[in-house]
Amino acid sequence: MAISHGAPTVSQRRASPRARRLLANKDNRRLNIRRAWLASTLHLDNLGSQVIGLFAVLGDAAYLLVNALAPTELIHRGHASYLRRTLIQQIYFTAAQAMPLVLLVGAALGLLAMLPMVGFGVTDLNLLTAVIDVVLIHQVAPVLIVLMVIGRSGTAITAELSELHINQAAVTLLAMGIEPHRLFLLPRLIGMVISLLLLNFWGGVAALAAAGLFASVSEGLTMGAFLSAFMQHLQWSDVVLTALMNVAYGTAVVSLQMRYAEMVSEVTDIPRNLPRAFVASLLACLLITVVFTLARSG
Amino acid sequence: MNPVLEARQLVVDGQASSLPMDWQLLPGEVWRLDGERGSGKTSLLKTLLGLLTPRAGQVRIAQEDVVGMSQKRLLEVRGRVGAAFAEDGLISAWSVQENLSLPLVYHGRMNLDDANTETGNLFERLGLPAGWLERPAARLAQVQRRAVSVARALLASRDLLLLDGLKADTIGEFDAGALWREIGRLSAAGTAVLLQCRSHVSTDLSDAVPVHRALLDATGLHVERAQ
Chain C
132 MAISHGAPTV SQRRASPRAR RLLANKDNRR LNIRRAWLAS TLHLDNLGSQ VIGLFAVLGD
192 AAYLLVNALA PTELIHRGHA SYLRRTLIQQ IYFTAAQAMP LVLLVGAALG LLAMLPMVGF
252 GVTDLNLLTA VIDVVLIHQV APVLIVLMVI GRSGTAITAE LSELHINQAA VTLLAMGIEP
312 HRLFLLPRLI GMVISLLLLN FWGGVAALAA AGLFASVSEG LTMGAFLSAF MQHLQWSDVV
372 LTALMNVAYG TAVVSLQMRY AEMVSEVTDI PRNLPRAFVA SLLACLLITV VFTLARSG
Chain A
2 MNPVLEARQL VVDGQASSLP MDWQLLPGEV WRLDGERGSG KTSLLKTLLG LLTPRAGQVR
62 IAQEDVVGMS QKRLLEVRGR VGAAFAEDGL ISAWSVQENL SLPLVYHGRM NLDDANTETG
122 NLFERLGLPA GWLERPAARL AQVQRRAVSV ARALLASRDL LLLDGLKADT IGEFDAGALW
182 REIGRLSAAG TAVLLQCRSH VSTDLSDAVP VHRALLDATG LHVERAQ
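If you read the sequences in order, they're chains C and A. Heads up, the first sequence is in my numbering, so the first residue is 132 and it goes up one at a time. Heads up, the second sequence is in my numbering, so the first residue is 2 and it goes up one at a time.
Listed below in structure tokens is the structure:
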């Protein structure tokens, strides 16, 4: 239906002023309905584009991953030296340099988990250690640690690789028979996974030590009793699932950050793509956490 | 003599001309690709290396069709190519020495020490300051980075050297005539050389070795072999 925006229609000119106002209001209502409908379709279009875009990014990230991992027979001695060097750099930057921060965050998390529980009068050692085990060690700590890692190392990967993409380093290397994904993505992927496993171990130990210390000070429990109660809850299947979750985190973070680096075509794209890569990586990690939590709870 | 690189009825995307082109680069030949801005010279070069898929026709490197080549084989073949494009293509966080030695060490041609010696020797022959070698590439000016990029391509090339967008200011970074001497040396050793530059840039080279010309324009690729 056509909607008038300008001169009054014949029926509007013949009508009384009140009727004209009513008609105008009716038209306005129609116009508003029409606008709302258009807006909703625009939102739907936009939502559809975003969903397609998300799958495109995930698909591209998966392609990069397969490209980096699949032809492993091409890792010859010359390539291995670069692989080793970048791997050590990645682990040093992501794990070793972040160790003090992760220990601090882990200890803070241990205390923050214990404080409200003891405040609410929970003194059952089994319950305390079960919450520390399930919620803190296997869910909250890994998410917070991966969040730090995305912020520190993930964005660094995107910034560095964006620059390589802008100055055509990737194309030039490919022209000389050097596969850039295997040179840059593979060691970072392995390094990120190893770093996340190390950081989670250190963070978990710090959280456990802080929680045990708090329990011993506030409840008079010995650290040994706290640890033995914790160990009763700790199951190997949970440890394996948490380790696998960290492998999934590392894979998702590196491939998504690299994908966003490849979307950069000029320098001004870098500041726009860094936060996008950060958000995409964070969302992917939250999704992974949900999936693994569901798997853990059967 | 088998051609190093061959285009058969090739049609490249993004070119002014959509006429199929035939072209052969034999070992030791030096070619200069010419054409107006936007005529698709870089697209042609990238297609010849299998970096872009042709719209039609064939590109053959080392007697094999690039389109049908496995990824592994393509990388092996490209491992004997030295290339520098209009952008410098250096890894900014790495030192100049690391950038230069990468193709040599990566392809297992030599260990790192030998590669470093080789890069030092090349720098001396080209008249580039040895002080650059230890500096991160990011600390060099753009024209210096371009010169390093050309030096890396010279080091990496075995069967084919491809220099895209070679400019007078880049050549000005080398000792007078040093780049042409190096290209002449490679040509004598059987490396096919493909330069994309203006004629005035390569005048000195034409005095040293026969330079064939390929002109790309709206009517297609015109090949003129030097006598």
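The beta-carbon is built from N, C-alpha and C at its ideal position, and this holds for glycine as well. Note that this is a predicted model, so its numbers are computed, not measured.
TODO: Please classify Gly173 (chain A): is it buried, with 16 or more other beta-carbons within 10 angstroms of its beta-carbon, or exposed?
DONE: exposed
Task: Strand pairing of Met22 (chain A), partner residues [DSSP] - done: A:Leu11
Task: 8 Å contact criterion, which Ala415 (chain C) and Tyr391 (chain C) should meet: CB distance rounded - done: Actually they do not touch by this definition, with Cβ atoms about 12 Å apart.
Task: Pairwise C-alpha distance: Glu294 (chain C) and Ile401 (chain C) - done: 8 Å
- [ ] Counting only runs of 3+ residues fully inside the segment 49–133 of chain A, write out the beta strand (DSSP E) ranges in chain order.
- [x] 57–62 and 82–85
TODO: Kindly indicate which residue of A:Ser150, A:Met70 and A:Arg56 has the alpha-carbon position closest to the one of Ser96 (chain A).
DONE: A:Ser150
- [ ] Answer yes if the segment 311–329 of chain C comes into contact with the segment 218–238 of chain C, meaning at least three C-beta pairs across the two stretches below 8 Å, and no otherwise.
- [x] yes
Open item on the list: Within 8 Å of any Cβ in chain C, is that where the Cβ of Arg79 (chain A) sits?
Closed with: yes
- [ ] Starting from the C-beta of Leu49 (chain A), find all residues in its chain whose C-beta is less than 7 Å away, skip the five residues before and the five after it, and write them out in chain order.
- [x] Leu6, Ala8 and Val60
Open item on the list: Within 8 Å of any Cβ in chain A, is that where the Cβ of Glu291 (chain C) sits?
Closed with: yes
Task: Residues that DSSP places opposite Glu225 (chain A) in a beta bridge - done: A:Arg214
Open item on the list: Leu155 (chain A) and Ala193 (chain A) - do their beta-carbons sit closer together than 8 Å?
Closed with: no
TODO: Could you work out which residues of chain C lie near Pro104 (chain A), taking near to mean beta carbons separated by less than 7 Å?
DONE: Met307 and Ile309
Task: Interface partners of Glu397 (chain C) on chain A, CB under 9 Å - done: The contacting residues do not exist; Glu397 (chain C) stays about 11 Å from chain A at best.
Task: Within 7 Å of chain C by C-beta, residues of the segment 40–52 of chain A in sequence order - done: Leu50 and Leu52
Open item on the list: Let me confirm a value: Pro104 (chain A) is counted as buried when at least 16 other C-beta atoms fall within 10 Å, else exposed. Which label applies?
Closed with: buried
TODO: Whole angstroms is fine: what's the gap from Glu291 (chain C)'s alpha carbon to Ser212 (chain C)'s?
DONE: 20 Å
TODO: Identify the contact partners of Gly15 (chain A) in chain C, using a Cβ-Cβ distance below 8 Å as the criterion.
DONE: The contacting residues do not exist; Gly15 (chain A) stays about 15 Å from chain C at best.
Task: Proximal residues of chain A, C-beta to C-beta of Tyr213 (chain C) below 9 Å - done: Leu103, Val106 and Tyr107
Task: 8 Å contact criterion, which Arg79 (chain A) and Met307 (chain C) should meet: CB distance rounded - done: 6 Å
Task: Test: Leu299 (chain C) CB closer than 8 Å to a CB of chain A - done: According to the sequence displayed, residue 299 (chain C) carries Gln and not Leu. Yes - at least one Cβ of chain A is within 8 Å of the one on Gln299 (chain C).
Task: Per DSSP, the bridge partner or partners of Asp35 (chain A) - done: A:Leu216
- [ ] Taking only the alpha-carbon atoms, compute the straight-line gap between Thr382 (chain C) and Leu222 (chain A) and give it to the nearest angstrom.
- [x] 46 Å
- [ ] Return no unless some Cβ of chain C is closer than 8 Å to the Cβ of Ala219 (chain A).
- [x] no
- [ ] Ignore the nearest five residues each way along the sequence and tell me which others in Asp264 (chain C)'s own chain have a CB closer than 8 Å to its CB.
- [x] Phe361, His364, Leu365 and Asp369
TODO: Check the Cβ of His210 (chain C) against every Cβ in chain A and list those closer than 7 Å, keeping chain order.
DONE: Tyr107
- [ ] Would you tell me roughly how many angstroms separate the C-alpha atoms of Arg226 (chain A) and Asp35 (chain A), rounded to the nearest one?
- [x] 13 Å
TODO: Use the C-beta contact count for Met2 (chain A): other C-beta atoms within 10 angstroms, 16 or more gives buried, fewer gives exposed.
DONE: exposed
Open item on the list: Can you confirm whether Glu294 (chain C), when its beta carbon is compared against all beta carbons of chain A, has any partner nearer than 8 Å?
Closed with: yes
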